[in-house]
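Asker:
2 protein chains.
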Amino acid sequence: MSYNELQNHMQRIADVNYAAATLGWDQETYMPQGAAGFKASQLSTLSGISHQLFTSDNTAHLLKGAKNGTLNDIEKKNVVQIEEDFERQKKYSTEFVENMSKAVSAAFNAWQQARKENNFKIFAPYLEKLIAIKKQECDLLGYQAHPYNALLNLHEKNATVADLDVLFTDVRKELVPFVKQVQQAKQVDNKFFFQPFDRDAQWHFGIELLQQMGFDFNRGRQDISSHPFTTSFSQNDVRVTTRINENDFAEMIWSCIHESGHALYEQGLPAEQYGMPLGEAISLGIHESQSRMWENNVGRSLAYWKHNFNEAKKYFPKQLQNVSAEDFYKGTNRVEASLIRTNADELTYHFHVMIRYEIEKQIFEDKLKVSDLSDYWNAKYKEYLGIDVPSDAQGVLQDVHWSHGSFGYFPTYSLGSFYAAQFFNQAQKEIPNLINEIESGKTANLLNWLREKIHVHGKYYTAQELCVKITGEKLNFAYFMNYAKNKFGTIYDLK
Amino acid sequence: MSYNELQNHMQRIADVNYAAATLGWDQETYMPQGAAGFKASQLSTLSGISHQLFTSDNTAHLLKGAKNGTLNDIEKKNVVQIEEDFERQKKYSTEFVENMSKAVSAAFNAWQQARKENNFKIFAPYLEKLIAIKKQECDLLGYQAHPYNALLNLHEKNATVADLDVLFTDVRKELVPFVKQVQQAKQVDNKFFFQPFDRDAQWHFGIELLQQMGFDFNRGRQDISSHPFTTSFSQNDVRVTTRINENDFAEMIWSCIHESGHALYEQGLPAEQYGMPLGEAISLGIHESQSRMWENNVGRSLAYWKHNFNEAKKYFPKQLQNVSAEDFYKGTNRVEASLIRTNADELTYHFHVMIRYEIEKQIFEDKLKVSDLSDYWNAKYKEYLGIDVPSDAQGVLQDVHWSHGSFGYFPTYSLGSFYAAQFFNQAQKEIPNLINEIESGKTANLLNWLREKIHVHGKYYTAQELCVKITGEKLNFAYFMNYAKNKFGTIYDLK
Numbered sequence: 001m002s003y004n005e006l007q008n009h010m011q012r013i014a015d016v017n018y019a020a021a022t023l024g025w026d027q028e029t030y031m032p033q034g035a036a037g038f039k040a041s042q043l044s045t046l047s048g049i050s051h052q053l054f055t056s057d058n059t060a061h062l063l064k065g066a067k068n069g070t071l072n073d074i075e076k077k078n079v080v081q082i083e084e085d086f087e088r089q090k091k092y093s094t095e096f097v098e099n100m101s102k103a104v105s106a107a108f109n110a111w112q113q114a115r116k117e118n119n120f121k122i123f124a125p126y127l128e129k130l131i132a133i134k135k136q137e138c139d140l141l142g143y144q145a146h147p148y149n150a151l152l153n154l155h156e157k158n159a160t161v162a163d164l165d166v167l168f169t170d171v172r173k174e175l176v177p178f179v180k181q182v183q184q185a186k187q188v189d190n191k192f193f194f195q196p197f198d199r200d201a202q203w204h205f206g207i208e209l210l211q212q213m214g215f216d217f218n219r220g221r222q223d224i225s226s227h228p229f230t231t232s233f234s235q236n237d238v239r240v241t242t243r244i245n246e247n248d249f250a251e252m253i254w255s256c257i258h259e260s261g262h263a264l265y266e267q268g269l270p271a272e273q274y275g276m277p278l279g280e281a282i283s284l285g286i287h288e289s290q291s292r293m294w295e296n297n298v299g300r301s302l303a304y305w306k307h308n309f310n311e312a313k314k315y316f317p318k319q320l321q322n323v324s325a326e327d328f329y330k331g332t333n334r335v336e337a338s339l340i341r342t343n344a345d346e347l348t349y350h351f352h353v354m355i356r357y358e359i360e361k362q363i364f365e366d367k368l369k370v371s372d373l374s375d376y377w378n379a380k381y382k383e384y385l386g387i388d389v390p391s392d393a394q395g396v397l398q399d400v401h402w403s404h405g406s407f408g409y410f411p412t413y414s415l416g417s418f419y420a421a422q423f424f425n426q427a428q429k430e431i432p433n434l435i436n437e438i439e440s441g442k443t444a445n446l447l448n449w450l451r452e453k454i455h456v457h458g459k460y461y462t463a464q465e466l467c468v469k470i471t472g473e474k475l476n477f478a479y480f481m482n483y484a485k486n487k488f489g490t491i492y493d494l495k
Numbered sequence: 496m497s498y499n500e501l502q503n504h505m506q507r508i509a510d511v512n513y514a515a516a517t518l519g520w521d522q523e524t525y526m527p528q529g530a531a532g533f534k535a536s537q538l539s540t541l542s543g544i545s546h547q548l549f550t551s552d553n554t555a556h557l558l559k560g561a562k563n564g565t566l567n568d569i570e571k572k573n574v575v576q577i578e579e580d581f582e583r584q585k586k587y588s589t590e591f592v593e594n595m596s597k598a599v600s601a602a603f604n605a606w607q608q609a610r611k612e613n614n615f616k617i618f619a620p621y622l623e624k625l626i627a628i629k630k631q632e633c634d635l636l637g638y639q640a641h642p643y644n645a646l647l648n649l650h651e652k653n654a655t656v657a658d659l660d661v662l663f664t665d666v667r668k669e670l671v672p673f674v675k676q677v678q679q680a681k682q683v684d685n686k687f688f689f690q691p692f693d694r695d696a697q698w699h700f701g702i703e704l705l706q707q708m709g710f711d712f713n714r715g716r717q718d719i720s721s722h723p724f725t726t727s728f729s730q731n732d733v734r735v736t737t738r739i740n741e742n743d744f745a746e747m748i749w750s751c752i753h754e755s756g757h758a759l760y761e762q763g764l765p766a767e768q769y770g771m772p773l774g775e776a777i778s779l780g781i782h783e784s785q786s787r788m789w790e791n792n793v794g795r796s797l798a799y800w801k802h803n804f805n806e807a808k809k810y811f812p813k814q815l816q817n818v819s820a821e822d823f824y825k826g827t828n829r830v831e832a833s834l835i836r837t838n839a840d841e842l843t844y845h846f847h848v849m850i851r852y853e854i855e856k857q858i859f860e861d862k863l864k865v866s867d868l869s870d871y872w873n874a875k876y877k878e879y880l881g882i883d884v885p886s887d888a889q890g891v892l893q894d895v896h897w898s899h900g901s902f903g904y905f906p907t908y909s910l911g912s913f914y915a916a917q918f919f920n921q922a923q924k925e926i927p928n929l930i931n932e933i934e935s936g937k938t939a940n941l942l943n944w945l946r947e948k949i950h951v952h953g954k955y956y957t958a959q960e961l962c963v964k965i966t967g968e969k970l971n972f973a974y975f976m977n978y979a980k981n982k983f984g985t986i987y988d989l990k
């Protein structure tokens, strides 16, 4: 019975967290502007209640009770992970949480102002203060080897500077020269994306893509927001959003596919583990592996567009009349150094992440000062991407993450792509006709494979364990590099 | 400072309640079907947390502190009402609440089944059990004169059987014979409502009506649901819903106007009183007075359609080509005895309420048994409406209220209409050009009057006090009867 009591307690906390997620979703989708103030206070109250419930003595008591009972393997995993999380959350004093929350609010406002006025100096003092608090956080959480590891672990359990250094050394050694090679080849055309594409027709095409991927509309829905995102109110209620640019067909397509990739993971988590770690996603990196595999390995493949280009043409016969499936495929894979991370292609994207990783690491090594950040940023963009940054607004101020106090988050984007390549390589081995299936618009076997290999396990395995279990080896950058060389070597006709 | 602490505490509880309202809204508007189970558990957790927070010793402690401080008039009113509510909520033991909640769930399921199978016997034993619990509730809440008063007071503070008996005696004495007179006159035509009316065009016309009424879309929005309702997530976020029947133009129009009437009240409550009684509506009766005044006194008046019929014609020139503003006005005021309360006209509606009131009162007097309910219902429909009830599904099983344990709720519908007539009569006196203004589509002065007289006060006055303050006398059925005689006497050309 004790385990059940712990489970009831955790489900109650989940109820509060999912309620907060519902309010967050409403905030981004349907909320009228004037409602912002009270909505923020409601969200803050819910997260306070959730934190209070979880860090209460009751949790300690229920954990103890559960551990005294007889537990099966799954129950054991849940109890261990709840305890880990409990011990971590207990480290945060109310005073610290309130300080952090105030510093984040102030930094976020300053960042918005700074970005608008294109003036990093407005943001700098707030960022400094936030970094000081994050350094305190490293200390109170504790770490081995490197303070930044403490922050990495908040997003990606067991991730270390040591491992990421190896990974990004590979990126520098292999991806940087390969991209240089691509850039010297004849550029592919993508201008057909930038025509007027009717909003409603785009919406319906997006829904068709989601249906084809296996998104379960009985347990989820899609709405519109200014920044696409995925959120869950339970395993049976997964919401994605997209945005539609009437002059850029690409934006809606790959945001739909990307978010739906996240959503398929959430819909595949076991509902009977509602509120428990085994009902949750492993890590940001593994979550991103799901969205990026669908977005890039599937959704930017020739096979995928052999089928879906004809579908797209049904909606937009005029706009696509002089375009072939292959043109479409090539256009969406155009590689081009650019200023803004979120607009980057599949390859140069990782240079954006690498720059942020290097900066964050050095900040927490006390080697880089906030006052030098803008110059450092610009120098790195010149070095890795070969471009001049014309303004801080398009440079060091472009991402919201730091103003939220999210350090150690960016690397999970690259980890996601690299895991995706390795998983997709394995899927191709285990589903021999996979590419043919994709060519005829069928991805059910791929989804089943992901369900069985990844989704149903929740947090049973760590990211590292899962990778070995599925592919027989640790995360290996070679899979991404091979994928990149094959795909872009062909597209750009490289030797 | 102590009053502020109480206020912070109450605002925190409001945050939880409004979060629950958000989930409730999502449930009725956008939630995918498969999400129902977890959503219900989230709603139940939130209401449990809210109840726990409010009935905690902390509330008692903060109330005491506030009362020891120096309070202005407004603060005093808040403290008194919080304390009243606290004392009432404290009377409910956890055991009682759980028992009630289980009985309601069981009764609701049985009612759905019974209605589907048109078999009252399926519902009867569950209703009996629920009534037994509601009788316990009367005892634990305490009452004077009549146990049913305890239940009435949950929805309408200070309402009594004694007052309602007087009111419904008037209804029986005056409205029943008047309706008989109307029924002997030549019937008016309303068949033009029942043509195909395009969904999108109806939606846009509905939005136009809301805008014209002064619904603030910066602090609210309209969506679609299967049963129209109004809910608030704060005074700055008021949501209405409507439904659109493509073969009945009337349904959307008057549901929009009715719900927007509720919403204007909610949007007019003072936001600085967020979480406090003075930021809340007085009672269900006064809430309903707002929706019904807009729906009937304004929205079913000739003046209103002199302006808006032309607007309607812009959307539906073909459907309305052979209809005049006056035909339209008469059609929407067609009086006709009918089986279903929610479809009833403005006059016979009150017979439906009266029957339910008589039944509820006798149940709590132990004079009417559940086993006799169906026969009693049918006899009363014959007596007051002159119609035979062909089945329980269209009779005693038609409303959801009893299955929810909502006894003492129905009378507030009639109170709303009667207050509306009395208030509107006063508004006409104080805004001399009101009817002319409505004729030219201008209702801003009426809204300002309602704001000033009713909305801004929140719960400062009781319904009874407010009525005297605004109109100089207690609720007086004569205002409704005069309104009815004037309006329907003219429409039906009575002497």
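Protein chains in written order, with our numbering: chain A, 1 to 495; chain B, 496 to 990.
The beta-carbon is built from N, C-alpha and C at its ideal position, and this holds for glycine as well.
All values reported here derive from a predicted model rather than from experimental measurement.
Could you name the residues of chain B that A/SER41 contacts, counting a contact when the two beta carbons are closer than 8 Å?
Answerer: Contact annotation for A/SER41 against chain B: GLN506, ASP510 [CB-CB distance below 8 Å, chain order].
Asker: According to the neighbour-count rule (16 or more other Cβ atoms, all chains shown, within 10 Å of its Cβ), is B/VAL963 buried or exposed?
Answerer: exposed
Asker: List the endpoints of the continuous beta strand (DSSP E) containing B/VAL733.
Answerer: Looking at the DSSP string, the run of the beta strand (DSSP E) that includes B/VAL733 is 732 to 737.
Asker: Based on DSSP bridge pairs, tell me the residues matched to B/THR540.
Answerer: In DSSP, B/THR540 forms no bridge with anything.
Asker: Beta-carbon within less than 6 Å of B/PRO885's beta-carbon, same chain only, minus the 5 sequence neighbours each way: which residues are those?
Answerer: none
Asker: Relative to the alpha-carbon of A/GLU360, which residue among A/ASN247, A/LEU385, A/ILE131, A/MET481 has its alpha-carbon at the smallest distance?
Answerer: A/ILE131
Asker: Taking 7 Å as the threshold (beta carbon to beta carbon), is A/LEU210 in contact with chain B?
Answerer: no
Asker: If you draw a straight line from the C-alpha of B/ARG787 to the C-alpha of B/THR524, how long is it?
Answerer: 24 Å
Asker: Listing by chain order, which chain A residues have their CB less than 7 Å from the CB of B/PHE710?
Answerer: Within chain A, no residue comes near B/PHE710; the closest Cβ sits about 11 Å away, beyond 7 Å.
Asker: Mind reading off the beta-carbon distance from A/MET252 to A/THR443? Whole number of angstroms is fine, and I expect it under 8 Å.
Answerer: About 19 Å separates the two Cβ atoms, so there is no contact after all.
Asker: Tell me the DSSP secondary structure of B/GLN707 in three-state form.
Answerer: Shown here, B/GLN707 sits in a helix according to DSSP, grouped into three states.
Asker: Grab the span of the alpha helix (DSSP H) containing A/ARG498 for me, first residue to last.
Answerer: It is not possible to answer for residue 498 of chain A, since the shown part of chain A is limited to 1 through 495.
Asker: If you draw a straight line from the C-alpha of A/ASN507 to the C-alpha of A/LEU164, how long is it?
Answerer: Past the edges of chain A, shown from 1 to 495, lies residue 507 of chain A, and the structure says nothing about it.
Asker: State the start and end residues of the unbroken beta strand (DSSP E) segment that holds B/ARG829.
Answerer: Neither: B/ARG829 is in no beta strand (DSSP E) and is coded neither H nor E.
Asker: Are any of the Cβ atoms in chain B nearer than 7 Å to that of A/ALA19?
Answerer: yes
Asker: Of all the alpha helix (DSSP H) runs that stay within the bounds of the segment 225 to 278 of chain A, which reach a length of 4 or more residues?
Answerer: 249 to 268
Asker: Check whether the Cβ of B/SER729 lies closer than 7 Å to any Cβ atom in chain A.
Answerer: yes
Asker: Below 6 Å CB to CB, which residues in the same chain sit around B/GLN608 once its five sequence neighbours on both sides are set aside?
Answerer: ILE617
Asker: Going by DSSP, which residues form a beta bridge with A/ASP223?
Answerer: A/THR241
Asker: Shortest alpha-carbon distance to A/LEU62 belongs to which of A/LEU141, A/SER2, A/GLN195, A/GLY261?
Answerer: Per the Cα distances, A/SER2.
Asker: Would you kindly report the start and end of the unbroken alpha helix (DSSP H) that includes B/HIS504?
Answerer: For B/HIS504, the uninterrupted alpha helix (DSSP H) run begins and ends at 497 to 524, by DSSP.
Asker: May I ask which residues mark the beginning and end of the alpha helix (DSSP H) holding B/VAL671?
Answerer: 671 to 679
Asker: If the criterion is Cβ atoms closer than 7 Å, does the pair A/LYS90 and A/THR45 meet it?
Answerer: no
Asker: Which same chain residues, not among the five before or five after B/VAL793, have their C-beta less than 6 Å away from its C-beta?
Answerer: TYR799
Asker: Could you name the residues of the same chain whose beta carbon sits closer than 8 Å to that of A/ALA20, not counting the 5 residues immediately before and after it, in chain order?
Answerer: LEU43, LEU46, SER47, SER50
Asker: Under the three-state reduction of DSSP, which class applies to A/HIS307: helix, strand or coil?
Answerer: helix
Asker: By how many angstroms is the C-alpha of B/LEU797 removed from the C-alpha of A/PHE193?
Answerer: 54 Å
Asker: Please list the partners that B/LEU518 has in chain A, where partner means a Cβ-to-Cβ separation under 7 Å.
Answerer: Residues of chain A passing the Cβ test: ALA19, THR22.
Asker: With a threshold of 7 Å between beta-carbons, can A/ARG221 be considered close to chain B, or not?
Answerer: yes
Asker: For the candidate residues B/GLN857, B/LEU704, B/LEU868, B/PHE905, whose alpha-carbon lies nearest to that of B/THR837?
Answerer: B/PHE905
Asker: Going along the segment 765 to 789 of chain B in order, which residues come within less than 7 Å of chain A, judged by CB to CB distance?
Answerer: TYR769
Asker: Can you pull the chain A residues whose beta carbon is under 7 Å from the beta carbon of B/TYR525, in chain order?
Answerer: ARG221
Asker: Once you ignore the five residues that flank A/PHE178 on each side, which residues in its own chain have a CB closer than 8 Å to its CB?
Answerer: LEU347, MET481, ALA484, LYS485, PHE488
Asker: Taking the CB atoms as reference points, tell me whether B/GLY911 and B/SER755 lie closer together than 7 Å.
Answerer: No, they are not a contact pair.
Asker: Is there contact here, the segment 198 to 208 of chain A with the segment 446 to 456 of chain A, by at least three beta-carbon pairs under 8 Å?
Answerer: Under the Cβ criterion (8 Å, minimum of three pairs), the segment 198 to 208 of chain A does not count as touching the segment 446 to 456 of chain A.
Asker: Let me know if B/ARG738 comes out buried or exposed under the rule of 16 or more other beta-carbons within 10 Å of its beta-carbon.
Answerer: exposed
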